[in-house]
Amino acid sequence: MKGKTIALIIVLIAIAGSIYYLESGKASLSAQQPDTLETEGNNQQTQINSNESRQALTPYRQWERSLTAEDRKRIADKEKLYQKVPELAGISGYLNAPEGMKISDFRGKVVLVDFWT
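Structure representation (structure tokens):
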């Protein structure tokens, strides 16, 4: 019986240590995300309304300038085949998003649109 108790204590200490280690990793990850702000009232993350989204297009613009004539032709051919993403119409506002946000603001980025029904 004493051996089982000691084994249980060792397992509990290992679990507590693992939880502490994993939680300390979360703190360093959240420190690397300065573009979000956690509100104290309801613990929702709100994007800070600033020019950061406009400045984030800079890498896309730099990539666009580095294209060769052959690349531009290939892209133009593909643009003829596919439609651009239409703006979401009939939406009065977005939760946790700045006013005036458009899908075209996120060109060159991976975007997840979650449709909640």
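Under the working numbering, the letters of the sequence shown match residues 106 to 222, in that order.
Heads up, the beta-carbon is just placed ideally off N, CA and C, and yes, glycines get one too.
All of these numbers come straight from a predicted model, not from anything done at the bench.
Secondary structure at Glu204: coil, using DSSP grouped into helix, strand and coil. Between the alpha carbons of Leu193 and Lys131 lies a gap of roughly 34 Å. Rounded to whole angstroms, the gap between the alpha carbons of Arg170 and Pro191 is 25 Å. Between the C-alpha atoms of Lys183 and Leu200 there is a straight-line separation of about 34 Å. A distance of 7 Å or more separates the beta carbons of Gly205 and Tyr165.
Straight-line measurement puts the Cα of Val216 at about 18 Å from the Cα of Trp168. DSSP places Arg166 inside the alpha helix (DSSP H), whose first and last residues are 163-170. DSSP places Leu193 in the coil class of the three-state scheme, outside both helix and strand.
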